[in-house]
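**Student:** Chains as they are written, first to last, in our numbering: chain A, 1 to 375; chain B, 376 to 527; chain C, 528 to 891.
For each residue, glycine too, the CB sits at the ideal point set by N, CA and C.
All of these numbers come straight from a predicted model, not from anything done at the bench.
Below is one structure. I have some questions about it.
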């Protein structure tokens, strides 16, 4: 005889159900998996599952020399590749107390800002797509292509740059670099108006993003949400202002702060940052001094034993590299404090009790890059 | 606050802390048992006000396991480094700080995942990157993996 | 007058076929053959319009996005959609474990039959109708909303949570926006005094209803545009699919030809609502006439009525595509707010306004 099983009547809490967003999902922008607990369409809580693209970069670093590590950092946050490279270079240069030539500083600052612009362009493109505006995607990628062309000319690569080396650059910039960069700035100043027309000024977009994913300044600090996401909550956390490196103490630029802390504020920060980045490039592009493109470096780079920490402002926020050296040519321990990792941690907190469509918008506004989380 | 004053202020708040010389930041070793109290005081005290944990990393130093806390004050602009260590390699454990800085929740999960250091009172201490049934802790120096790590 | 050469041509061809058949066959068989011919013609028409609209959408969307669009298969890529269709035909039909097999298979057919039925009542030119009901509009509204049953079944029977959320959204959405579509058409019915499509078109001989009814008719047309876009589940109201949230919504689990049915039905629904919009507001196949300008009217008559019809329908379809490729998507609560808090009150007020204007005789 079959045993009769009495299923208890589900209470309200038990009517919650789970869905898996990811690892393959259009709006997670990579292999992030979010286990979302829903009641109807309302997000009750969510748990991120990372590690689908974990490559053990920190372990790999323990076997690699410092110039080799630069090539790994490209693969971390693949949209701020120059800036990641910059962090390792600065770490080594500061540890060895090498003064890099002025020309290098100019070029690095321009490249970093171009990198920030293209990262924000791609973010804008995919954020528009997350909200259902597919045309944005093509606009963003069209303009980003121009920056990739400029890079291709000078650095030889479109995506994984590895252009900086400890002490300088791989090779000098292309003779047309300045001309093409200025042409791009002129072009993009016109095109960014289109961005504002098609998305920023759209009623549906503003209604979708206003008062969604509210994050106070205290929460942003506690969760370590840096970069444009943190500045959207009014937290002045720009490493370029607070711990200047390269030429950021010489150029004039504003740190964009918005106080609202919602998705729209985070969006506006990034839009305004594109203008600021263009402003920085404009100040530098005509004044690149002549000189060497690299300082004299030893063939084998060994850092003196000790601990080093280097912070830079990547397109996503505060990128930190913590390095313990025992005097060898490879680091003893290398830790990357990546901005997306900390930014992800607040996703659960700010998307509770909102609709699943809002979750997608919030995830887009935090601008997560999954390899940056997993490393 | 200049570094000398900061050092003295921290030592008055936490007399047990050991100062480490010649570092980039003001660095202290804190006894493992005092970690939670120390961090709490450092955050709440008005002269230190370390409200931003900008990096938390674990390290296998060979003799001992170490967790490093990089703290910054967003109001006052100064930074400090706290370290805790344990020589227990079988069952290392520290108090969690994720009730003080929420960002520590993920960082501690990462450290648990890769170094096997447990954090007491952590709300959700699971592996973050690796499989639940992964054997060993890859960032430890004595970790052996003949399949994935090629020795030269 | 509108009884020009094109009308007589259509009438003579149909008359010729009719007489020929009845001459050759006994009446029952002749009727059967006629029904079969009409059925086949509609099937062919359906497939062709669907294929063309998919192509048109891809070109329009490419135009909006600074792309070229399909340009490899055939001249300007016109055979691209046919190639796609062949690909879809040959794809494997994935059978989902633990799904309700019967309903899962039935759902795409319900959707496509609903749109097929609605096509029957649409006048393409004078006398070019399958059926001319005297409650034509009512029939089309009733039949086109049957499609939601198919969408709901598809979402429910897939045994997939994404599909279910998509289907539930779609249900809420279509049922809400049905009201606005109906009400905005009702506004014009008050003006026209008939629900029969042929009479509606005839009533617009000198001035289309959007001009005749001036303010309330224009409001009704705008409301109709918004509501009908929503009713066809197209962007910015494509919440049922919402590929960035629900991967593909109610048709996540469908593949091959079953997916093609949903795909085709979406475009046919767009065609149907655009046809209704063109017929009710913009005069359908009726050329643009001005009272008293007989010379001008005669020139207009030289353009065949079906060209007028296609032009007007195409214009509305283009508007709907334009919406889709420029607006971001709404959220479900905003979608329902838009309907219940804005469109519906506007509509109710608009009907009163129209009734008042008709009573006072202020329309043209």
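What would DSSP say about residue 385 (chain A), mapped onto helix, strand or coil?
**Tutor:** The requested residue 385 (chain A) is not part of the displayed model; chain A covers only 1 to 375.
**Student:** When burial is assigned at 16 or more other CB atoms within 10 Å of the CB, is residue 763 (chain C) buried or exposed?
**Tutor:** Buried, by the Cβ-count rule.
**Student:** Check whether the Cβ of residue 482 (chain B) lies closer than 9 Å to any Cβ atom in chain A.
**Tutor:** It does: the Cβ of residue 482 (chain B) has a partner Cβ on chain A nearer than 9 Å.
**Student:** If residue 489 (chain C) sits next to residue 676 (chain C), beta carbons under 8 Å apart, how far is it from one beta carbon to the other, in whole angstroms?
**Tutor:** Nothing can be reported for residue 489 (chain C): it is not among the residues displayed for chain C, which extend from 528 to 891.
**Student:** Considering only their Cβ atoms, is the gap separating residue 633 (chain C) from residue 673 (chain C) smaller than 9 Å?
**Tutor:** In this structure, residue 633 (chain C) does not lie closer than 9 Å to residue 673 (chain C) by Cβ.
**Student:** If you measure from the beta carbon of residue 700 (chain C) to each beta carbon in chain A, is any gap under 9 Å?
**Tutor:** So no, residue 700 (chain C) is outside the interface.
**Student:** Could you give the DSSP three-state label for residue 829 (chain C): helix, strand or coil?
**Tutor:** Three-state DSSP puts residue 829 (chain C) in coil, outside helix and strand.
**Student:** Can you tell me the Cα-Cα spacing of residue 645 (chain C) and residue 802 (chain C), whole angstroms?
**Tutor:** Whole-angstrom Cα-Cα distance: 11 Å.
**Student:** What are the partner residues of residue 647 (chain C), as DSSP defines its beta bridges?
**Tutor:** Answer is none; residue 647 (chain C) lacks a bridge partner.
**Student:** Under the three-state reduction of DSSP, which class applies to residue 400 (chain B): helix, strand or coil?
**Tutor:** Here residue 400 (chain B) sits in coil by DSSP.
**Student:** Using only the alpha-carbon positions, how far apart do residue 507 (chain B) and residue 356 (chain A) sit?
**Tutor:** Answer to the nearest angstrom: the Cα atoms are 28 Å apart.
**Student:** Compute the Euclidean distance between the alpha carbons of residue 683 (chain C) and residue 45 (chain A), then round it to the nearest angstrom.
**Tutor:** Answer to the nearest angstrom: the Cα atoms are 24 Å apart.
**Student:** Does any C-beta atom of chain A lie closer than 9 Å to the C-beta of residue 642 (chain C)?
**Tutor:** It does not: the Cβ of residue 642 (chain C) has no partner Cβ on chain A nearer than 9 Å.
**Student:** Does the distance from the CB of residue 513 (chain B) to the CB of residue 473 (chain B) come in under 9 Å?
**Tutor:** Not a contact, by the Cβ cut-off of 9 Å.
**Student:** Identify the continuous beta strand (DSSP E) that holds residue 310 (chain A) and give its terminal residues.
**Tutor:** 306 to 314 is the extent of the beta strand (DSSP E) around residue 310 (chain A).
**Student:** If you run the structure through DSSP and keep just helix, strand and coil, what is residue 665 (chain C)?
**Tutor:** Helix, per DSSP.
**Student:** Less than 9 Å between CB atoms is the rule here; does residue 459 (chain B) satisfy it with respect to chain A?
**Tutor:** False, the Cβ-Cβ gap to chain A never drops below 9 Å.
**Student:** Return helix, strand or coil for residue 606 (chain C), following the three-state DSSP convention.
**Tutor:** Three-state DSSP puts residue 606 (chain C) in coil, outside helix and strand.
**Student:** Going by the beta-carbon positions, is the gap between residue 437 (chain B) and residue 467 (chain B) smaller than 9 Å?
**Tutor:** Cβ atoms of residue 437 (chain B) and residue 467 (chain B): not closer than 9 Å.
**Student:** Tell me which residue opens and which closes the beta strand (DSSP E) that residue 454 (chain B) is part of.
**Tutor:** Per DSSP, residue 454 (chain B) belongs to the beta strand (DSSP E) from 454 to 461.
**Student:** Please name the residue, chosen from A:115, A:324, A:210, A:245, that lies closest to residue 309 (chain A) on a Cα-to-Cα basis.
**Tutor:** Closest option to residue 309 (chain A), Cα to Cα, is A:324.
**Student:** Taking DSSP's pairing of strands, which residues face residue 317 (chain A) in a bridge?
**Tutor:** Per DSSP, A:314.
**Student:** Taking CB distances under 9 Å as the criterion, tell me whether residue 513 (chain B) reaches chain A.
**Tutor:** Yes, contact with chain A.
**Student:** Below 8 Å between beta carbons is the criterion; list the residues of the stretch 198 to 225 of chain A that meet it against any residue of chain C, in chain order.
**Tutor:** So the close ones are 198, 199, 202, 204, 205, 207, 208.
**Student:** Alpha carbons only, please: which of A:173, A:123, A:26, A:160 is nearest the one belonging to residue 402 (chain A)?
**Tutor:** The question about residue 402 (chain A) has no answer here: the residues shown for chain A are numbered 1 through 375.
**Student:** Grouping DSSP H, G and I as helix and E and B as strand, with all else coil, what is residue 1 (chain A)?
**Tutor:** For residue 1 (chain A), the predicted structure reports a pLDDT of 47, less than 50, and the residue's modelled location is therefore unreliable. The matter cannot be settled from this model.
**Student:** Taking Cβ-Cβ distances shorter than 8 Å, what residues in chain A pair up with residue 689 (chain C)?
**Tutor:** Those are 19, listed as they occur along chain A.
**Student:** Hey, how far is the Cα of residue 285 (chain A) from the Cα of residue 181 (chain A)?
**Tutor:** Near 8 Å, if we compare the C-alpha coordinates of residue 181 (chain A) and residue 285 (chain A).
**Student:** Report the option in A:305, A:84, A:37, A:256 whose CA atom is closest to the CA atom of residue 238 (chain A).
**Tutor:** It is A:256 whose Cα lies nearest to the Cα of residue 238 (chain A).
**Student:** State yes or no: is the C-beta of residue 692 (chain C) within less than 9 Å of the C-beta of residue 776 (chain C)?
**Tutor:** Contact: yes.
**Student:** Leaving out five residues on either side along the sequence, give the residues of the same chain with a beta carbon under 7 Å from the beta carbon of residue 236 (chain A).
**Tutor:** Excluding positions up to five away in sequence, the list reads 255, 257.
**Student:** Does the beta carbon of residue 98 (chain A) sit closer than 9 Å to a beta carbon anywhere in chain B?
**Tutor:** It does not; no Cβ of chain B falls within 9 Å.
**Student:** Does the Cβ-Cβ distance between residue 42 (chain A) and residue 295 (chain A) come in under 9 Å?
**Tutor:** Contact: no.
**Student:** Which residue spans inside the stretch 408 to 494 of chain B form an unbroken alpha helix (DSSP H) run of at least 4?
**Tutor:** With a minimum length of 4 residues, the continuous alpha helix (DSSP H) runs that stay inside the stretch 408 to 494 of chain B are 410 to 419, 479 to 490.
**Student:** Residues of chain A with CB closer than 8 Å to the CB of residue 782 (chain C), please, in chain order.
**Tutor:** Near residue 782 (chain C) there are no residues of chain A at all, since even the closest Cβ is about 16 Å away, more than 8 Å.
**Student:** Please list, in chain order, the residues of the stretch 22 to 49 of chain A that have any C-beta partner in chain C closer than 7 Å.
**Tutor:** The residues in question are 25, 26, 27, 41.
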